[in-house]
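A.B. asks: For the record, the sequence lines run as chains A and B.
According to my numbering, the residues represented by the first sequence are 9 to 670, in order.
According to my numbering, the residues represented by the second sequence are 4 to 153, in order.
Glycine is no exception: its CB is placed at the ideal position from the N, C-alpha and C atoms.
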Amino acid sequence: MVVEFGHYALVLAFALTLVQSVVPLWGALTKDERLMAVATPVSVVMFLLVLASFGALTIAYLNSDFSVLNVVQNSHSAKPLLYKFTGVWGNHEGSMLLWVLILVFFGALVGVFGGNLPSDLKAATLTVQGWVTAGFVLFLLATSNPFARVAHPPIEGADLNPILQDIGLAIHPPLLYIGYVGFSITFSFAVAALILGRIDAAWARWVRPWTLLAWCFLTLGIAMGSYWAYYELGWGGWWFWDPVENASFMPWLAGTALLHSAIVMEKREALKVWTVLLAIFTFSLSLLGTFLVRSGVLTSVHAFATDPARGVFILTLLCIFIGGSLALYAWRAPMLKQGGIFAPISREGGLVLNNLFLTAATAAVFVGTLYPLVLDAITGEKISVGAPFFNLTFGPLMIPLLIAVPYGPVLSWKRGDLLAATQRLYAAMGLALVMTLFTFWLWGMEKVLAPLGVGLAVWVMAGAISEIVTRVKFFEIGPKRGFARLWGLPGSAWGTAVAHFGVGVTVLGIVTASAFQVEHIVTMRPGDKVEVSGYEVTFDGAAPRRGPNYTEEVGHFTVRRDGAYVTELDPSKRVYTARQMPTTEAGIHTIGFSQLYLSLGEGRGDGAVDVRVYFKPLITLIWIGSVIMSLGALFSMADRRLRIGAPKPAARRKTASLAPAE
Amino acid sequence: MTRKQRRLTLIGSAGVVLAVALGLILFALNDQIVFFQSPTDITQKSIPQGQRIRLGGLVEEDSVVRSDNAQVSFRVTDTANVIDVTYKGILPDLFREGQGVVTEGVIGPDGVFVADSVLAKHDENYMPKEVAEALKDQGHWQGGEEPESQ
């Protein structure tokens with residue numbers, strides 16, 4: 009009964025998307041306030057219906073209702089409760105339902121909190137959001153119905169893919185989807201503005217918090233996915249340039265560019281045409297990602313099932329939305345008025361440089377991801393494009409960008425002074441130089457690039473700090489007034505500094521963990537010892553253990569340093585009973601920011617076992633840096649000038665002009 | 004600077020960055036991509052020594068030999084031809100005799116394929132697409148339809 013109710017709610021939601029797709033826009037074009045006012049209640053009811061539908065599927069999972077096909081294929085009665093819950097989106101149908109849920113959630117947010125938007129822009133935005141929603145709800149109902157029943161319910165289900173039975177499934181997909189799908193709002197705003205033919209600085213101010221929100225979650229989602237792969241797959245790698253990873257990374261890169269260009273548009277009314285295009289691109293890349301992951305053209309843990317009908321359906325949606333919005337753009341964009349002009353060396357110039365490198369990097373990732381698919385489709389030739397390709401293309405594009413990062417915030421708008429900017433960054437430069445030399449001294453000349461990478465990371469971090477410090481003239485006015493001024497800085501200034509600092513932290517983690525990692529692969533018998541980066545790891549033996557829905561062989565290791573006990577690690581090899589599928593559980597010990605990582609290979613029968621032992625210096629900084637970046641986005645969102653529900657734009661412009669001209 | 008000069012500077016720098024990016028991409032595509040080969044391809048074509056390739060096929064039954072220091076050797080077959088492979092490291096969880104595998108590495112002077120990675124597969128029934136097609140080429144694919152990953 010509950011299941012039918014969920015299905016019915018989804019069908020009702022589809023009917024409402026059709027209303028949303030027509031009525032508010034009609035109102036906006038005919039200036040009929042009553043028709044426009046339909047958008048808000050419809051967006052809220054749509055959200056409640058999809059939420060009810062999602063709730064119904066969740067209940068089916070929690071009750072292990074094996075009369076539902078989706079539950080049969082992906083659940084098991086012995087599965088721990090948490091995984092019964094997260095298993096709702098650990099499959100194709102459920103994850104698409106989550107996708108749609110977040111889509112309508114964002115629509116409802118704009119409906120409820122968009123009170124200060126001009127009514128026609130709000131109505132048109134919700135209509136465009138309605139189009140996207142209609143497409144994806146139809147996709148669910150037509151090709152991926154999560155509520156399909158089975159005629160003869162089995163007694164037991166097939167269980168969830170063991171790799172997904174992890175706390176990571178509770179965190180990574182929802183965060184990633186909020187980011188991915190969150191960009192639909194910027195897309196809807198862009199298309200609505202193109203339809204209405206009106207884009208100004210106020211538009212950018214409305215769009216920026218939504219972009220920041222989506223970007224913040226996408227950053228966290230990617231970082232958590234990376235950490236999950238790192239500890240779950242047992243390979244010790246944190247990024248594989250796998251097409252599925254790239255699918256989420258491309259919208260991130262484009263979204264980062266969008267964040268920056270929206271600043272120029274908001275402050276200077278320049279780059280309008282470009283910002284709108286980026287907004288379209290960013291969500292298009294999200295859609296492309298969904299297509300790559302959900303259609304089955306790629307094989308990975310994310311591609312749950314391959315069904316050609318689904319691929320064709322998403323591809324059609326992709327073509328309609330991307331093609332339609334780009335056609336609209338080609339038609340309407342030339343009508344947009346160009347805004348303020350600026351010298352090449354200026355804050356705007358810096359942000360343009362950021363956009364150039366980020367889009368070029370996006371293009372490189374795009375080519376590397378799609379080229380093998382296209383080549384296979386056309387010539388049937390099978391190739392793989394792996395890490396070397398991306399290291400050679402993406403890497404060199406990031407270096408000039410990272411060098412430029414600290415300069416951006418210290419240059420002034422319109423016309424900047426490179427020399428004065430450099431003077432403000434002397435301290436950061438000095439520190440970066442010292443750290444580079446220190447790393448050379450520590451490691452010698454064997455790795456030339458790594459110390460330079462460390463220097464670059466320190467440069468970005470120190471640059472972010474010194475921008476804030478020199479901005480309030482901290483050392484000139486003394487600490488007491490200095491702290492007061494720091495406290496008084498606008499949220500967006502803090503946001504920039506914190507996010508840029510996070511970038512530096514992540515880069516530092518990447519450089520040190522890649523260059524100075526120590527890896528040993530050894531066959532060990534009980535009592536054997538292996539030495540890694542000053543830690544002595546002793547294998548004490550292995551013993552079987554039984555979990556709720558798996559059995560495992562646990563290796564017991566003791567870690568000592570200079571004879572003193574440090575910790576014990578229990579990496580294991582599991583076999584999940586329902587699917588007879590083995591997985592590897594790594595044993596990880598965190599020391600400061602570094603990690604000791606142990607994973608087991610297959611046993612040899614005579615008590616010997618293959619072991620991978622890694623020491624990964626500062627590796628956690630990769631993820632800590634990402635969290636700091638998202639914190640930066642939160643700071644920026646908290647800025648008074650951007651706050652949702654803030655006073656009208658006219659009043660705000662007045663307060664903005666009172667602020668010191670930077 | 005006039006408006007025109009500014010615009011030219013902007014377009015010029017955009018052009019430079021894009022040209023550099025394009026150059027990098029083309030260079031990398033020329034140099035860094037790895038072709039997939041079946042054992043038959045390797046036997047018939049002459050692949051230059053030291054060129055990185057991906058070798059895929061089935062792990063031959065009873066061919067896996069493990070020795071100390073995590074050294075493993077096995078044979079990869081597409082039922083028509085067989086290639087010897089050595090690998091140092093830990094094999095992925097789903098590596099089994101009689102199952103599909105994709106390895107990446109170079110062919111050594113003695114004709115033995117030295118793999119530096121053996122691909123992890125996420126699903127127990129999963130047959131790498133390339134391997135399925137290579138087997139079809141040999142007329143030994145009994146699966147009928149395309150393999151499904153679930």
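(1) When we look at the beta-carbon of residue 590 of chain A and count the other beta-carbons within 10 Å, is it buried (16 or more) or exposed?
(2) I'd like to confirm something about residue 101 of chain A: is its beta-carbon nearer than 7 Å to some heavy atom of the ligand NAP, or not?
(3) Please compile the residues from chain A whose C-beta is within a distance smaller than 8 Å of the C-beta of residue 24 of chain B.
(4) Considering only residues of the same chain and omitting the five flanking positions on each side of residue 66 of chain A, which have a CB-CB separation below 7 Å?
(5) In chain A, which residues lie less than 9 Å from residue 38 of chain B when you measure between Cβ atoms?
(6) To which residues of the same chain is residue 579 of chain A closer than 7 Å at the C-beta, ignoring the five residues directly before and after it?
(7) Taking the straight line between their C-alpha atoms, what separation do you get for residue 17 of chain A and residue 8 of chain B?
(8) How about residue 28 of chain B and residue 370 of chain A: do their beta carbons lie closer than 8 Å?
(9) Determine the direct distance from the alpha carbon of residue 57 of chain B to that of residue 39 of chain B, and round the result to whole angstroms.
(10) Taking residue 632 of chain A as part of the alpha helix (DSSP H), name the residues at either end of that continuous run.
(11) Tell me the rounded alpha-carbon separation between residue 152 of chain A and residue 186 of chain A.
(12) Whole-angstrom Cβ separation of residue 76 of chain B and residue 88 of chain B, contact assumed at under 8 Å?
(13) For residue 596 of chain A and chain B, any beta-carbon pair shorter than 8 Å?
(14) What did DSSP end up calling residue 110 of chain B once you bin it into helix, strand or coil?
(15) Should the segment 317-329 of chain A be called in touch with the segment 224-238 of chain A, which here means at least 3 C-beta pairs below 8 Å?
(16) When you compare the CB positions of residue 60 of chain B and residue 115 of chain B, do they come within less than 8 Å of one another, or not?
(17) Beta carbon of residue 102 of chain A, beta carbon of residue 124 of chain A: below 8 Å?
(18) If you reduce the DSSP assignment to three classes, tell me which class residue 51 of chain B lands in.
(19) If you measure between the beta carbons of residue 584 of chain A and residue 170 of chain A, is that distance less than 8 Å?
(20) Residues of the segment 68-102 of chain B with a CB closer than 9 Å to any CB of chain A: list them in chain order, please.
(21) Put residue 127 of chain B into one of helix, strand or coil per three-state DSSP.
(22) Look at the alpha carbon of residue 207 of chain A and the alpha carbon of residue 107 of chain B, and state the distance between them as a whole number of angstroms.
(23) Can you give, in chain order, each stretch of the alpha helix (DSSP H) that sits fully within the segment 488-569 of chain A and has at least 4 residues?
(24) Taking only beta-carbon atoms, is residue 118 of chain B less than 8 Å away from chain A?
(25) If you reduce the DSSP assignment to three classes, tell me which class residue 85 of chain A lands in.
(26) Closer than 8 Å, CB to CB, is residue 386 of chain A near chain B or not?
(27) For residue 199 of chain A, collect the residues of the same chain with a Cβ closer than 7 Å to its Cβ; drop the 5 residues on either side in sequence, then sort them by chain order.
(28) Do three or more CB pairs link the segment 423-440 of chain A to the segment 394-412 of chain A at distances below 8 Å?
(29) Would you mind telling me which residues of chain A sit closer than 8 Å to residue 61 of chain B, beta carbon to beta carbon, in chain order?
(30) Which residues does DSSP list as the beta-bridge partners of residue 77 of chain B?
(31) Using a cut-off of 9 Å between C-beta atoms, extract the partners of residue 50 of chain B located in chain A.
(32) Go through its chain and collect everything with a Cβ distance to residue 50 of chain A's Cβ below 7 Å, but skip five positions before and after it.
(33) Do you know whose CA, among A:275, A:560, A:175, A:367, lies nearest residue 212 of chain A's CA?
(34) Can residue 174 of chain A and residue 240 of chain A be called in contact, C-beta distance under 8 Å?
(35) According to DSSP, is residue 593 of chain A part of a helix, a strand, or is it coil?
(36) Determine which residues of the segment 520-540 of chain A have a Cβ less than 9 Å from any Cβ of chain B, and write them out in chain order.
C.D. replies: This is what the structure gives:
(1) buried
(2) Absent from the structure shown: the ligand NAP. Ligands present: none.
(3) Among the residues of chain A, those whose CB is under 8 Å from the CB of residue 24 of chain B are 368, 369, 371, 372, 401, 405, following chain order.
(4) 93, 96
(5) 389, 390, 391, 392, listed in chain order.
(6) 563, 593, 594, 595, 606, 607, 608
(7) Between the C-alpha atoms of residue 17 of chain A and residue 8 of chain B there is a straight-line separation of about 59 Å.
(8) Not in contact: residue 28 of chain B and residue 370 of chain A (Cβ atoms no closer than 8 Å).
(9) Take the alpha-carbon of residue 39 of chain B and the one of residue 57 of chain B: they are about 5 Å apart.
(10) 628-645
(11) Roughly 21 Å between the two C-alpha positions.
(12) 7 Å
(13) no
(14) strand
(15) no
(16) no
(17) no
(18) coil
(19) Yes, the Cβ-Cβ distance between residue 584 of chain A and residue 170 of chain A is below 8 Å.
(20) 69, 70, 71, 72, 73, 74, 75, 91, 92, 93, 94, 95, 96, 97, 98
(21) Because residue 127 of chain B carries a pLDDT of 45, less than 50, the predicted location of this residue cannot be relied on, and no value is offered for it.
(22) 51 Å
(23) 499-523
(24) No - not a single Cβ of chain A is within 8 Å of the one on residue 118 of chain B.
(25) coil
(26) no
(27) 136, 333, 336
(28) no
(29) Correct list: empty, because the minimum Cβ distance to chain A is about 17 Å.
(30) B:88
(31) Those do not exist, as residue 50 of chain B stays about 14 Å from chain A at its closest Cβ, beyond 9 Å.
(32) 24, 27, 28
(33) Closest by alpha carbon: A:275.
(34) yes
(35) strand
(36) 529, 530, 531
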